[in-house]
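Q:
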Amino acid sequence: MMKTEVTIAGVTFKNPVMEGSGTFGSGMEYSEFVDLNKLGAVVTKGVANVPWPGNPTPRVCEVYGGMLNAIGLQNPGIEVFCERDLPFLSKYDTKVIVNVCGRSVEDYVEVAERLSDEDRVDMLEINVSCPNVKEGAIAFGTDRNCLENITSQIKAHTKKPVIMKLTPNVTNIAEMAMAAESGGADAISLINTITGMKIDIERRRFALANKTGGMSGPAIKPVAVRMVYQASHAVKIPVIGMGGIATGDDAIEFMMAGATAVSVGMMNFVNPYATIECVKGIEDYMTRHGIEDINEIIGCV
Amino acid sequence: MMKTEVTIAGVTFKNPVMEGSGTFGSGMEYSEFVDLNKLGAVVTKGVANVPWPGNPTPRVCEVYGGMLNAIGLQNPGIEVFCERDLPFLSKYDTKVIVNVCGRSVEDYVEVAERLSDEDRVDMLEINVSCPNVKEGAIAFGTDRNCLENITSQIKAHTKKPVIMKLTPNVTNIAEMAMAAESGGADAISLINTITGMKIDIERRRFALANKTGGMSGPAIKPVAVRMVYQASHAVKIPVIGMGGIATGDDAIEFMMAGATAVSVGMMNFVNPYATIECVKGIEDYMTRHGIEDINEIIGCV
Amino acid sequence: MKAKVTGKVISQSCIAPGIYDLKIETSLAGDAHAGQFVGVFTKDASALLPRPISICGVSDDKKSIRLVYRVAGKGTDGFSKLDEGDEVSLLGVLGNGYDIEKLSSAGNGSGSKVLLLGGGIGIPPMLELAKELHAAGVSVSSVMGYRDERTFLLDEFTAFSDTYVATEDGSLGTKGNVLDAVRENGIEFDAICACGPLPMLRAIKEFAGEKKAYISLEERMACGVGACLGCVVKTKEVDHHSHVNNARICTDGPVFEASEVEI
Amino acid sequence: MKAKVTGKVISQSCIAPGIYDLKIETSLAGDAHAGQFVGVFTKDASALLPRPISICGVSDDKKSIRLVYRVAGKGTDGFSKLDEGDEVSLLGVLGNGYDIEKLSSAGNGSGSKVLLLGGGIGIPPMLELAKELHAAGVSVSSVMGYRDERTFLLDEFTAFSDTYVATEDGSLGTKGNVLDAVRENGIEFDAICACGPLPMLRAIKEFAGEKKAYISLEERMACGVGACLGCVVKTKEVDHHSHVNNARICTDGPVFEASEVEI
Numbered sequence: 001m002m003k004t005e006v007t008i009a010g011v012t013f014k015n016p017v018m019e020g021s022g023t024f025g026s027g028m029e030y031s032e033f034v035d036l037n038k039l040g041a042v043v044t045k046g047v048a049n050v051p052w053p054g055n056p057t058p059r060v061c062e063v064y065g066g067m068l069n070a071i072g073l074q075n076p077g078i079e080v081f082c083e084r085d086l087p088f089l090s091k092y093d094t095k096v097i098v099n100v101c102g103r104s105v106e107d108y109v110e111v112a113e114r115l116s117d118e119d120r121v122d123m124l125e126i127n128v129s130c131p132n133v134k135e136g137a138i139a140f141g142t143d144r145n146c147l148e149n150i151t152s153q154i155k156a157h158t159k160k161p162v163i164m165k166l167t168p169n170v171t172n173i174a175e176m177a178m179a180a181e182s183g184g185a186d187a188i189s190l191i192n193t194i195t196g197m198k199i200d201i202e203r204r205r206f207a208l209a210n211k212t213g214g215m216s217g218p219a220i221k222p223v224a225v226r227m228v229y230q231a232s233h234a235v236k237i238p239v240i241g242m243g244g245i246a247t248g249d250d251a252i253e254f255m256m257a258g259a260t261a262v263s264v265g266m267m268n269f270v271n272p273y274a275t276i277e278c279v280k281g282i283e284d285y286m287t288r289h290g291i292e293d294i295n296e297i298i299g300c301v
Numbered sequence: 001m002m003k004t005e006v007t008i009a010g011v012t013f014k015n016p017v018m019e020g021s022g023t024f025g026s027g028m029e030y031s032e033f034v035d036l037n038k039l040g041a042v043v044t045k046g047v048a049n050v051p052w053p054g055n056p057t058p059r060v061c062e063v064y065g066g067m068l069n070a071i072g073l074q075n076p077g078i079e080v081f082c083e084r085d086l087p088f089l090s091k092y093d094t095k096v097i098v099n100v101c102g103r104s105v106e107d108y109v110e111v112a113e114r115l116s117d118e119d120r121v122d123m124l125e126i127n128v129s130c131p132n133v134k135e136g137a138i139a140f141g142t143d144r145n146c147l148e149n150i151t152s153q154i155k156a157h158t159k160k161p162v163i164m165k166l167t168p169n170v171t172n173i174a175e176m177a178m179a180a181e182s183g184g185a186d187a188i189s190l191i192n193t194i195t196g197m198k199i200d201i202e203r204r205r206f207a208l209a210n211k212t213g214g215m216s217g218p219a220i221k222p223v224a225v226r227m228v229y230q231a232s233h234a235v236k237i238p239v240i241g242m243g244g245i246a247t248g249d250d251a252i253e254f255m256m257a258g259a260t261a262v263s264v265g266m267m268n269f270v271n272p273y274a275t276i277e278c279v280k281g282i283e284d285y286m287t288r289h290g291i292e293d294i295n296e297i298i299g300c301v
Numbered sequence: 001m002k003a004k005v006t007g008k009v010i011s012q013s014c015i016a017p018g019i020y021d022l023k024i025e026t027s028l029a030g031d032a033h034a035g036q037f038v039g040v041f042t043k044d045a046s047a048l049l050p051r052p053i054s055i056c057g058v059s060d061d062k063k064s065i066r067l068v069y070r071v072a073g074k075g076t077d078g079f080s081k082l083d084e085g086d087e088v089s090l091l092g093v094l095g096n097g098y099d100i101e102k103l104s105s106a107g108n109g110s111g112s113k114v115l116l117l118g119g120g121i122g123i124p125p126m127l128e129l130a131k132e133l134h135a136a137g138v139s140v141s142s143v144m145g146y147r148d149e150r151t152f153l154l155d156e157f158t159a160f161s162d163t164y165v166a167t168e169d170g171s172l173g174t175k176g177n178v179l180d181a182v183r184e185n186g187i188e189f190d191a192i193c194a195c196g197p198l199p200m201l202r203a204i205k206e207f208a209g210e211k212k213a214y215i216s217l218e219e220r221m222a223c224g225v226g227a228c229l230g231c232v233v234k235t236k237e238v239d240h241h242s243h244v245n246n247a248r249i250c251t252d253g254p255v256f257e258a259s260e261v262e263i
Numbered sequence: 001m002k003a004k005v006t007g008k009v010i011s012q013s014c015i016a017p018g019i020y021d022l023k024i025e026t027s028l029a030g031d032a033h034a035g036q037f038v039g040v041f042t043k044d045a046s047a048l049l050p051r052p053i054s055i056c057g058v059s060d061d062k063k064s065i066r067l068v069y070r071v072a073g074k075g076t077d078g079f080s081k082l083d084e085g086d087e088v089s090l091l092g093v094l095g096n097g098y099d100i101e102k103l104s105s106a107g108n109g110s111g112s113k114v115l116l117l118g119g120g121i122g123i124p125p126m127l128e129l130a131k132e133l134h135a136a137g138v139s140v141s142s143v144m145g146y147r148d149e150r151t152f153l154l155d156e157f158t159a160f161s162d163t164y165v166a167t168e169d170g171s172l173g174t175k176g177n178v179l180d181a182v183r184e185n186g187i188e189f190d191a192i193c194a195c196g197p198l199p200m201l202r203a204i205k206e207f208a209g210e211k212k213a214y215i216s217l218e219e220r221m222a223c224g225v226g227a228c229l230g231c232v233v234k235t236k237e238v239d240h241h242s243h244v245n246n247a248r249i250c251t252d253g254p255v256f257e258a259s260e261v262e263i
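Those protein sequences? They're chains L, V, B and R, same order as listed. Residue numbering for the first sequence follows my numbering, starting at 1 and increasing by one per position. Residue numbering for the second sequence follows my numbering, starting at 1 and increasing by one per position. Residue numbering for the third sequence follows my numbering, starting at 1 and increasing by one per position. Residue numbering for the fourth sequence follows my numbering, starting at 1 and increasing by one per position.
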C-alpha cells in the first residue's frame, strides 16, 4: 500500500501536488479539465482586502521555455472571494490554501483576520513577493527584517497556518527562509517568478506594458531546485517547491531537493491535465523504485 | 555606409560582438570555425595568478534551454597565458579582453599588474562573480562595499581599462552596477551565470559534482535583458550585455535594453558560428530598418 | 466541455501571401461555433503557449474544423509546415462566440439584416458566421477589407451573403476601408458583427451608433481558459469575474457588444 | 578541420533492445577514424547540447559514417526516430582517435598483435578500429562483452579479427567479463585497445601491466572542441593545455594510454 500523504503544519494533504497561485484561479476554470478531488490542495489566486484592477495589457508574453507575466494581482477582493469562491471549493474533498496579497501590513492583516473564521480555509499563503506590484510588496519579500516583521504580525492575527511565499530575486534565499521561520511562519513556498524583460525589436518597445514581468516555466526550474535545496536546508519548517514543474519526475526532483509538497504553475497553461499527471507520475516513480512512503525521498540527496 | 563600431572606455571595437569568457578558450579552439578577425573582441577564459585545477567532474549538465557548469575556473595561470595565448592572439586584428579571476584582492591585483605592460591586452574583465568558486570570490560580487573596494584597488594597479563582470545572483543589480562605477570601473559586463541545480532522480544524486552550477543559455535571456536594462539605467559607464544570446536579433534586444556591446556565451557550443552570425544578423537588422550607426539603438526603448 | 486533444491534419494550403488554410479532424468540432477559437500548440519546446486561432469553418459532419491564419512568428510558421496526416495538439473550444439567436431577432419582428465586417486576418471567423446566420434565415451582407487585390476566402462569402469588398489600394472594390464600402453601397442592417484590427473596430463602434455592433477582440493570451487573467479589456460595467471592469477576452469574449467595452 | 554540418540519414535500424544503427551521409566522413566521435544535435529546443557518439564505421567511399548508440535519454530517443532522408546536424570530427601507426608497431619488429576489448555500448568504436588495424596488416583479436545473448555487431568483427565473446549471464561464450574471456582463451597480444564502462577500463589498466593499453574515456561534455573544459580526466603528467594534470577528454582524448590517466 503506497503512501502519498504529506503533512504541513498539521494539515494533511492526500498527495504533495498543488498548483501555483495565479495559474489556476480558484479551481473553477480547470475543474473542466481535472477532478479537483485528486489534488493535494487548491491554492487560490491572490486575494486582497479590496478589489484590484491589475496592470494594463499586454500582461503576458512568451519567452524561451516559459513566459513572463505582469497581471498585477487583479482580484475581486476578499468579500466576493468568500461569497463565491469558497462555497465553490466546499464542494471538493481537497485542502484549500488561500493566497493573500496586499500593499501594506494592514492590508494583509485585514484579509488574514477575515479568513480566520472561514472553516473552508486550511492555510494561508502570503504573497510578499509579487514582482509586478509597485507598492512596497516587493520590499516585504526582499528585506530580511521586513519579512520577519510582516510574518509575525500576520501570525498574530490568524489561527490558520501561514505559508510565506518567497521571491527568488534575492542574493541569499537561505537568509530569507530563516527570516520567515523566525517570524513564526509555519511553512515557506518558493520560488515565485524571476523578474525578466522582453523587448519587441521590430517595434522598439517592451513586450509587456509593465516593462518587466515575472518569469515562469521549465526555463527557471534549475534555479528553483537550487533555491528549494538551499532554503530547506536552512530552516526546520516545511518547504513547498515550485518553478517549472511539468511532470511527476520534476515533482520528485523538487522533493529530493527538500520540498515536502510541490506546485504546478505555468505548465497548467500548456497542459491543463499537468497537475493530475504529476500525481500519477509520482505514483509511477514510487512503484518503479519500490518506495512505500513518499516522505522517504524528501531531501534525500 | 553602415557603422557598426562601438567604443568602450576609449577602446573601439569594429562591431559590438564578443564572446563570453570561458566559452571560447583564448580563441584557439574556435578559430577552426570562425575568423577571429571578424569579432569585435576576444574575451579570454578567466586566468589567475597561478594555475587552478578546477572542480571534479561531472562539471557540466544540460537543462531546459541551457546548461549548468561548475568548471571551477581551471586555468594554466598568468605566465603560461602570457607566453602562449597572447602571442596567438597577436596574429589577429581584434581587441583582446583578458578575464581575470582570483581568490583574494591580492590575487586579482597581481594578475592586473602583470598584464599592465602587455601591449596585446586592450582591457581587463574582472570576474568577481563566478558562482563555482568557494573562496570568497562570490562575496566580491554580491556585497556592494566589497565590490567597490576591489574595483578601486584593481584600478589603482593597472593602466588598462577595467570591466567589472557582475553576477545576477543579487537582490538589486542597479546597486551593484553603481558600486562598480563608484569604485572606478570603466565598464560593467553582465550577466554571469545564474546559480542552479539539477538532480538525477534515478540515481538520487546531484548532476554536478559541485552540487550547484552556473546556468547559461537562451533560458536565462529574459533575466539578462532585465538586468542589463536596470544596470545601464543606473550608471553612466558602458554595459556589455550577455545571457543566452544566439542571434543578431538577440544582440539587438540587449543593445536596445542598454548594452553597448554583447557577448555570445553558451550558444557557441550549440552553434560554433554563432558569433559571426550575430555580426551578420546585426547588419541585416540595420539594413532592414535603415539604421546607419548601431549606436543609435543603444538603450532606445 | 473544454479539452486538450490531438487532432489530425486533413489538408493545408497557402491561399494568399503568408495566409494558410488548415483543415483538422478533431473531436472539438462538435462544439465549435462562429466567433470561438482554439489554442494550437507548437512542436517547438521553446514556444510552449497555445496560439489562439479563430474558427473559420466547421465541417457539416461536425468532424473537422478549418483554421485560416497568418504566419506571424515561429509558432505560426511551424503550423504552416504541417502536412496531411500530421498530429497537432489543440485546446478548445474557447470563447463565447456570436449569439446567432440574438442576431436572428435583431430585426425585431421583421426579418433580421446583419452586416458582417472583416478586415485582414479578422476575415476568417466572419465566414463561419455568415454560414450560420444564413442557415438561421438571416439576410446577411458581408463587407471584407484587404490591403490589395490579393484577397482570400472572398468568393466563399457569396454563397451565404451579399458580398462586397474594400481594398486599401483600390485595386478591387471600394478604395478604402470596409465602412467606406458600406456607405458607397448604401448597405442596410439591423446589427453589425466585426473582426479586424483595433482602429477598424473603434471606427465601427462609432459608426454603429444606436445599432448593436458585436466585435471580436484580440489580446496576448496565456491559459486561454480564463484562469490567468492575462487577456483583459476594460468594460463599462463591473465584470462578473473580478468585479473591476476588466473582462477576460478568452472567456467572457472574444465577442463583445461594442458599447460594453472601452477600446 | 572541424565543422558543424548537416548530414542526411541513409538508414536506421534497431539491432538490439535500445540499440540503434544509424548511417548518415556527411562530409565529415572524409576525416573520420576509429576512436573519434561526432556531436549529434537534437531537434528539441529544450535539449541544445550536442550528444557525443563514437564512430562505429566509415564507408569505403568515405561519404558516410555509421553510428551505433544506445537510447539513454530524450536526445538519443529523438535520434532513434530519424528516418531515411531526414537531416541531422553534426559537429565533428572530434577527438584524437586511435593511433594505427603506433599500434602497427606494437610488436617491435615482429608482426603486431592487438587485442580489442569492448563492453556494452563501448563495442561500436571497436568495430571501425578492427577494420583499420586489419587493413594495416595487424593481427587482431576481439573480445566483446555483453549482458546476455542479445548481442549486436558481434558477427561483423569476424571479418577483421579472431572474435570472442563474454556474457554476464553466460548465455553465450565465456560467462563473465571480457578479461575472463581473454584468460579462458589464452589470447596473446602486444597491446590492448578498449572501450566500455569505467570498472572494466580500470580492470584492463591493471591487467595490461607492462603492455600498453589504450582506453577510450567518456564524460559529460558541452562544447566538444576543448574550449569549455567541461570534460576532463586527471593525468599523471602535467597536461599541455591547462598545466594542471587535467586532460580534455573531448580533444586530448577520448583515447588515452591507460598509465597516463587516473581513473
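Glycine residues also receive a C-beta, built at the ideal position from the N, C-alpha and C atoms.
Give the residues of chain R in contact with residue 98 of chain V, contact being defined as C-beta atoms less than 8 Å apart.
A: Here the premise fails: no neighbours, minimum Cβ distance about 16 Å.
Q: Leaving out the 5 sequence neighbours to the left and right, which residues in its chain are closer than 6 Å to residue 262 of chain B when beta-carbon positions are compared?
A: Counting only Cβ-Cβ distances below 6 Å, and skipping sequence neighbours, we find 234.
Q: Expressed to the nearest angstrom, what Euclidean distance is found between the alpha-carbon atoms of residue 125 of chain B and residue 206 of chain L?
A: Distance between the alpha carbons of residue 125 of chain B and residue 206 of chain L is about 30 Å.
Q: With 16 as the cutoff for other CB atoms within 10 Å, does residue 145 of chain V come out buried or exposed?
A: Under this definition residue 145 of chain V is an exposed residue.
Q: Does the beta-carbon distance from residue 152 of chain R to residue 16 of chain R come in below 8 Å?
A: Yes, these two residues count as a Cβ contact at 8 Å.
Q: Does the contact criterion of 3 or more C-beta pairs under 8 Å hold for the segment 287-301 of chain V versus the segment 44-53 of chain B?
A: Too few Cβ pairs lie closer than 8 Å, so no.
Q: In this structure, does DSSP put residue 21 of chain B in helix, strand or coil?
A: DSSP places residue 21 of chain B in strand when its eight states are reduced to three.
Q: Based on Cα-Cα distance, which residue from L:286, L:190 and L:83 lies nearest to residue 263 of chain L?
A: Residue L:190 is the option with its Cα nearest to residue 263 of chain L.
Q: On a Cα-Cα basis, can you pick out the residue from B:97, B:210 and B:176 that is closest to residue 119 of chain B?
A: The shortest C-alpha separation from residue 119 of chain B is found at B:176.
Q: Go ahead and pull the three-state DSSP assignment for residue 98 of chain R.
A: Coil.
Q: What three-state label does DSSP hand residue 262 of chain R in the structure shown?
A: Reduced to three states, the DSSP call for residue 262 of chain R is coil.
Q: For a cutoff of 8 Å on Cβ pairs, would you count residue 4 of chain R as touching chain V?
A: Yes, because at least one Cβ of chain V sits closer than 8 Å to the Cβ of residue 4 of chain R.
Q: Determine, using beta carbons only, whether residue 24 of chain L and residue 268 of chain L come nearer to each other than 8 Å.
A: Closer than 8 Å, so yes.
Q: Jot down the residue ranges of each uninterrupted beta strand (DSSP E) in the segment 57-107 of chain V, minimum 3 residues, whole runs only, in chain order.
A: List check, beta strand (DSSP E) in window: 60-63, 66-69 and 95-100.
Q: Where do the ends of the beta strand (DSSP E) carrying residue 229 of chain L lie?
A: Not the beta strand (DSSP E): residue 229 of chain L falls in the alpha helix (DSSP H), residues 221-232.
Q: Rounding to the nearest angstrom, what Cα-Cα distance links residue 76 of chain R and residue 66 of chain R in this structure?
A: Straight-line Cα distance between these residues: approximately 15 Å.
Q: With a threshold of 8 Å between beta carbons, is residue 226 of chain L in contact with chain V?
A: By this cut-off, residue 226 of chain L is an interface position.
Q: Between which residues of its own chain and residue 236 of chain R is the CB-CB distance below 8 Å, once the five residues before and five after are set aside?
A: Excluding sequence neighbours, residue 236 of chain R sits near 245, 259, 260, 261 and 262.
Q: Between residue 107 of chain B and the rest of its own chain, which residues show a CB-CB distance below 7 Å, the 5 nearest in sequence each way excluded?
A: Same-chain partners within the cutoff: 113 and 190.
Q: Going by C-alpha to C-alpha distance, which of V:239, V:103 and V:107 sits closest to residue 185 of chain V?
A: Minimum Cα distance to residue 185 of chain V is reached at V:239.
Q: At the 8 Å Cβ level, is residue 219 of chain R part of the contact set with chain V, yes or no?
A: Closer than 8 Å: yes.
Q: Run the CB neighbour count on residue 241 of chain B, radius 10 Å, all protein chains shown included, and call it buried at 16 or more, exposed below.
A: So residue 241 of chain B counts as buried.
Q: For residue 51 of chain R, name the three-state secondary structure that DSSP assigns.
A: Strand, per DSSP.
Q: Going along chain V, which residues have a C-beta under 7 Å from residue 215 of chain L?
A: Chain V residues near residue 215 of chain L: 222 and 223.
Q: Provide the residue(s) that pair with residue 37 of chain R in DSSP beta bridges, ordered along the chain.
A: R:54 and R:94.
Q: The segment 110-124 of chain B: which residues have C-beta closer than 8 Å to a C-beta of chain R, in chain order?
A: The segment 110-124 of chain B vs chain R, Cβ under 8 Å: nothing.
Q: Can you check whether the C-beta of residue 242 of chain R is within less than 8 Å of a C-beta belonging to chain B?
A: Not an interface residue.
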